[in-house]
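Trainee:
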Ligand code: NDP
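In my numbering, the protein residues as written are 194 to 451.
#1: Measuring only from the beta carbon, is residue 446 closer than 7 Å to any heavy atom that is part of ligand 1?
#2: Just verifying my parser: in three-state terms, what is the DSSP assignment at residue 203?
#3: Ignore the nearest five residues each way along the sequence and tell me which others in residue 222's own chain have a CB closer than 8 Å to its CB.
#4: Determine the contact status of residue 347 and residue 293, defining contact as a CB-CB distance below 8 Å.
#5: What does a CB cutoff of less than 6 Å around residue 393 pick up in its chain, not counting 5 residues either side in sequence?
#6: When the Cα of residue 228 is compared with those of 352, 336, 254, which residue comes out closest?
#7: Over the uninterrupted beta strand (DSSP E) stretch that includes residue 228, give me the two end residues.
#8: When you compare the stretch 202–214 with the stretch 267–282, are there three or more beta-carbon pairs, one atom per stretch, that lie closer than 8 Å?
#9: State the beta-bridge partners of residue 350 as determined by DSSP.
#10: Determine, using beta carbons only, whether residue 314 and residue 261 come nearer to each other than 8 Å.
#11: Residue 277 by DSSP, collapsed to three states: which one?
#12: Let me confirm a value: residue 451 is counted as buried when at least 16 other C-beta atoms fall within 10 Å, else exposed. Which label applies?
#13: Would you mind working out which of 426, 432, 410, 418 sits nearest residue 447, comparing C-alpha positions?
#14: Given 7 Å as the limit, tell me if residue 258 has its C-beta closer than that to any heavy atom belonging to ligand 1.
#15: Determine which residues share a DSSP beta bridge with residue 393 and list them.
#16: To the nearest whole angstrom, what separates the beta carbons of residue 382 and residue 415, a pair I think is in contact under 8 Å?
Structure representation (C-alpha cells):
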C-alpha cells in the first residue's frame, strides 16, 4: 500500500465521483493529496473523510479550473502545505450534451472552458516546477467520447478529443525532462454525472437499463476502477508509459455490435 509513498498529488474536481475515488486511492498508497475543487465545502468534507480513513495528509483547495490564475494559486497553496507536486490529475469535467445547431454559444464555451481549458490550465500551472525538478506525472481524465461519437452529445466529444491531443503533445514536449503526460478514457462509470444524465431522460430506469444492456460485462464501472489506473500511471510502475491513453470501459468501445 505504498506505491505513492513520499509523493505529493493534486486532483481537480475531487469533491466527489471519480476525482474523490482517485484522491482516496492516492492517499491509501501513501501520497499527500490536495483536492482542488470548485465547491470548497464538498472538498473539505471529502478531504476530512479521506484523511480520517487513511491517516494521510489531505487538504482541500478552492479551485476553478476554468481560470488559470485560480489553478496557479491552488498549486502554490498545495506546494506550500504539502511540498513540490509530483502528480497532477486533471479530472474536473462536465457533460455538455447538445444538438449542434440548437446549441448556444454559451454551451460551447462552458464545455471547452472546463473540459479542455481546465486541463491545459492544470498542465501549465505544474509543468514549470516538474520540468525544473526533472520528474512528474500528469494524468488527464479523458473519456471514450475522446475517440467515439454518440449523436446528441455535442460538443463534449470535441473537447474530449482535444484532451487526447493535449496529452500526446505535452507528453512529447516534456519527455526529455522526465515528465510523463498520460490520459485515462473511462466508459460509463457510476457517478452523479451519469445519474444526472439518466435522470434527464424521459424514463430514467429504462435509460439506465439500456446503458447496461450495451455493456459487454453487463455492468458499468465504479469510480475506484478508474482510480486504480490513475495510481498505476502516477506511480513509478509506469516509467515508460508516456503520451498514452488507457481505456477503462469493460471493453465497450471495442464492441462493434452484438
Ligand atoms: P462528477 O460530476 O461526479 O464530478 C465532477 C467534479 O468536478 C465535481 O466535484 C465538480 O464540482 C467538479 N468541477 C466541475 N467544474 C469544475 C471547475 N470549473 N473547477 C473545479 N472543479 C469543477 O463527474 P465524474 O466524477 O463522473 O467525472 C469526472 C471526470 O471523468 C470528468 O472529466 C468526466 O468528463 C470524466 N468521465 C466520466 C465518465 C462517467 O461515466 N462518469 C465517463 C467518462 C469520462 P461541483 O460539483 O462543485 O460542480
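Think of the CB as a built atom: it goes at the ideal place given N, C-alpha and C, for glycine as much as any other residue.
Mentor: If we stick to the structure as given:
#1: no
#2: strand
#3: 194, 195, 196, 197, 198, 424, 428
#4: yes
#5: none
#6: 254
#7: 225–230
#8: yes
#9: Bridge partners of residue 350: none, in fact.
#10: yes
#11: coil
#12: exposed
#13: 410
#14: yes
#15: DSSP output for residue 393 lists no bridge partner at all.
#16: 7 Å
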